[in-house]
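For the sequence shown, our numbering begins at 1 and goes up steadily by one. Here's the structure, in structure tokens; my notes come after.
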Amino acid sequence: MKTYRIATIPGDGIGKEVIPAGQQALAALAAATRAFSFDFERFDWGADYYRAHGVMMPDDGLGALRGKDAILFGSAGDPGVPDHVTLWGLRLKICQGLDQYANVRPTRILPGITTPLRHCAPGDLDWVIVRENSEGEYSGVGGRVHQGYPLEVATDLSILTRVGVERIMRFAFRLAQSRPRKHLTVVTKSNAQRHAMVLWDEIARQVSQEFPDVVWDKELVDAATARMVNRPASLDTIVATNLHADILSDLAAALAGSLGIAPTGNIDPERRNPSMFEPIHGSAFDIMGKGLANPIGTFWSAVMMLEHLGEIQAAGRMMRAIETVTADPALHTRDLGGSATTAQVTDAVCALIEQAPVAAA
Ligand code: ATP
């Protein structure tokens with residue numbers, strides 16, 4: 001029987017609540033299917049580690065992760081530590097250090113969830129956003145000099161490389177090709193950014209020739225926000241730069257009902273390193289420790305992890321349990337207008353996983 005070595009990094013805030021919930025659901029799944037098992041190892045990195053050690057994770061931390069099959073991550077962020085320290089010291093350090101260059105964010109309206117879009121049928125919103133995860137606006141190139149003086153200057157350079165754009169475009173076209181509609185929207189801003197974004201567009205066109213069966217179009221990022229709201233059914237797979245996709249995917253999560261539901265995967269498509277799966281929400285200190293955190297985003301991230309590991313049937317079993325739970329308003333957490341607790345939602349998902357007929361595993 002295959003044993004998957006999974007690193008768990010709960011991180012900060014409600015990450016410490018939703019990751020144990022995810023682990024509980026995965027353990028229930030392994031016990032129910034008896035097809036594989038998990039060997040979890042927890043890494044207590046994050047803001048508390050920073051207060052004790054001056055760094056968010058140890059220098060040799062990436063080495064400890066490299067031997068794993070996948071990583072389940074909670075969130076990084078703490079009111080007492082600057083956001084750029086928590087982000088760069090942990091999540092981005094892992095994504096860039098393990099070259100997880102494709103960030104994948106599926107969005108759909110799950111059963112029982114209300115979208116703020118008035119005229120949207122559930123099937124109208126079924127997207128996957130592919131975010132370039134290694135360069136662009138978050139390449140980390142820049143600096144700050146003459147601090148505190150009138151001549152102070154600060155720069156953040158957005159860097160696009162041919163290698164970086166080609167590989168994310170190829171990944172996005174391949175993903176679009178694997179979905180029924182075979183449709184890709186390339187988000188750009190080449191009207192205003194006349195160097196790097198023009199390269200982005202040119203490479204999109206070049207790579208598209210390798211995928212003649214994929215229909216693709218180009219949309220300026222500002223127009224893309226309006227299109228997501230006004231014509232959601234016109235979109236399917238979407239590829240955008242690091243910053244653009246960061247913003248579009250929060251909009252997507254809100255349109256699909258709640259930040260608490262949305263999952264993401266930071267993928268190394270070449271599988272040289274483990275990929276990392278996480279709910280897209282942050283540490284949400286306002287609800288920490290109250291049992292209010294919605295664990296569905298973590299469960300859906302675990303489904304993505306199972307798919308990445310090739311456990312397609314088990315992933316389906318877990319997704320069906322999630323959808324049965326979201327369909328029941330009595331099992332909605334406060335972010336969805338309900339009063340269920342993290343533990344109640346987790347127990348319900350685990351019970352459904354255990355009850356699922358083996359044939360439908
Ligand atoms: P960070 O600074 O780490 O990004 P944040 O608290 O600024 O975190 P988010 O955690 O992304 O931002 O979410 C904003 C708000 O949405 C939270 O304050 C919380 O009220 C709500 N929220 C987010 N995730 C969840 C969740 N899983 N369950 C319930 N509510 C949530």
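Glycine residues also receive a C-beta, built at the ideal position from the N, C-alpha and C atoms. This one's a predicted model, so the numbers in the text were calculated from it and none came from an experiment.
> For A359, is the classification buried or exposed, using 16 other Cβ atoms within 10 angstroms of its Cβ as the cut-off for buried?
Replying inline: Legend: pLDDT at A359 = 49, less than 50; position of this residue unreliable, value from coordinates given subsequently. Burial call: exposed.
> What whole-angstrom Cβ distance do V165 and W200 have, given they're in contact under 8 angstroms?
Replying inline: Right, their Cβ atoms sit about 6 angstroms apart.
> Any idea if G260 is buried or exposed, counting beta-carbon neighbours within 10 angstroms, 16 or more meaning buried?
Replying inline: Here G260 is buried, its C-beta having at least 16 other C-beta atoms within 10 Å.
>> If you reduce the DSSP assignment to three classes, tell me which class N242 lands in.
In response: Here N242 carries a helix assignment [DSSP, helix/strand/coil].
>> At the level of alpha carbons, what is the spacing between R57 and R231?
In response: The sequence shown places Met at residue 57, rather than the Arg named in the question. One alpha carbon belongs to M57, the other to R231, and they sit about 43 angstroms apart.
> In chain order, what residues of the same chain have a beta carbon less than 6 angstroms from the beta carbon of A204, not counting five sequence neighbours either side?
Replying inline: Result list for A204: M169 and V186, in chain order.
>> Cutting at 8 angstroms between CB atoms, please list the residues of its own chain near A284, excluding the five before and the five after it.
In response: Within the same chain, A284 has close Cβ partners G13, I14, S75 and A293.
> Where does D39 land, buried or exposed, given buried means 16+ other C-beta within 10 angstroms?
Replying inline: Flag for D39 reads exposed.
> If we count Cβ pairs, one from each stretch, closer than 8 angstroms, do we get three or more for the region 300 to 319 versus the region 85 to 95?
Replying inline: Taking a contact to require three or more Cβ pairs closer than 8 angstroms, the region 300 to 319 and the region 85 to 95 do not qualify as touching.
>> Considering only heavy atoms of the ligand ATP, does any lie closer than 7 angstroms to the CB of F362?
In response: Because the chain in this structure spans residues 1 to 361, residue 362 falls outside the shown range and cannot be described.
> Which residue from A327, N273 and A330 puts its Cα closest to that of G67?
Replying inline: That would be N273, whose Cα lies nearest to the Cα of G67.
> Quick one: what's got a C-beta closer than 7 angstroms to A196's C-beta in the same chain, skipping five residues either side?
Replying inline: In its chain, beyond the 5 residues on either side, S158 and L160 have a beta carbon closer than 7 angstroms to the beta carbon of A196.
> Can you tell me whether DSSP reads L255 as helix, strand or coil?
Replying inline: Helix.
> Could you give the residue range of the alpha helix (DSSP H) that holds E307?
Replying inline: That run of the alpha helix (DSSP H) goes I296 to H308.
>> By the three-class DSSP mapping on this structure, what secondary structure does G291 have?
In response: Note: G291 maps to coil in three-state DSSP.
> Are the region 142 to 153 and the region 172 to 182 in contact at 8 angstroms, needing three or more beta carbon pairs?
Replying inline: These segments do not touch.
> Do T237 and the ligand ATP come close, with the Cβ less than 7 angstroms from some heavy atom?
Replying inline: Judged by the Cβ position, T237 fails to qualify as a neighbour of the ligand ATP at the 7 angstroms threshold, every heavy atom of the ligand being at least this far.
>> If I measure Cβ to Cβ from A233 and keep anything under 6 angstroms in the same chain, skipping five residues before and after, which residues do I get?
In response: Non-local C-beta neighbours of A233 in its own chain, meaning closer than 6 angstroms and more than five positions away in sequence, comprise D124, ordered along the chain.
> When DSSP labels each residue in this structure, what does D180 get in the three-state scheme?
Replying inline: A small correction: the amino acid at residue 180 is Pro; Asp does not occupy that position in the sequence shown. If DSSP states are grouped into helix, strand and coil, P180 belongs with coil.
> What did DSSP end up calling D268 once you bin it into helix, strand or coil?
Replying inline: If DSSP states are grouped into helix, strand and coil, D268 belongs with coil.
>> If I measure Cβ to Cβ from L220 and keep anything under 7 angstroms in the same chain, skipping five residues before and after, which residues do I get?
In response: These residues qualify, in order along the chain: T188, K189 and N191.
>> Below 8 angstroms on the Cβ atoms is my contact criterion, and I expect A330 with A340 to pass it. Report the Cβ-Cβ distance as a whole number of Å.
In response: Right, their Cβ atoms sit about 7 angstroms apart.
> Run through DSSP, which three-state label would I94 get?
Replying inline: Helix at I94.
>> Just to check my reading of the structure: A28 and I353 have Cβ atoms closer than 8 angstroms, yes? What is that Cβ distance to the nearest angstrom?
In response: Taking 8 angstroms as the upper bound for CB-CB distance, A28 and I353 are in contact here, some 5 angstroms apart.
> How would you label G321, buried or exposed, when you count the other beta carbons within 10 angstroms and need 16 or more for buried?
Replying inline: Inspection of the sequence shows that residue 321 is occupied by Ala rather than by Gly. Around the C-beta of A321, 16 or more other C-beta atoms lie within 10 Å, and the residue is accordingly described as buried.
> Can you give the Cα-Cα distance for G136 and T241, rounded to whole angstroms?
Replying inline: Straight-line spacing of the CA atoms in G136 and T241 works out to 6 angstroms.
> Opposite R5 in the DSSP bridges: which residues?
Replying inline: DSSP output for R5 lists D39 as bridge partner(s).
> Does the Cβ-Cβ distance between T342 and P279 come in under 8 angstroms?
Replying inline: Between T342 and P279, the gap from beta carbon to beta carbon reaches 8 angstroms or more.
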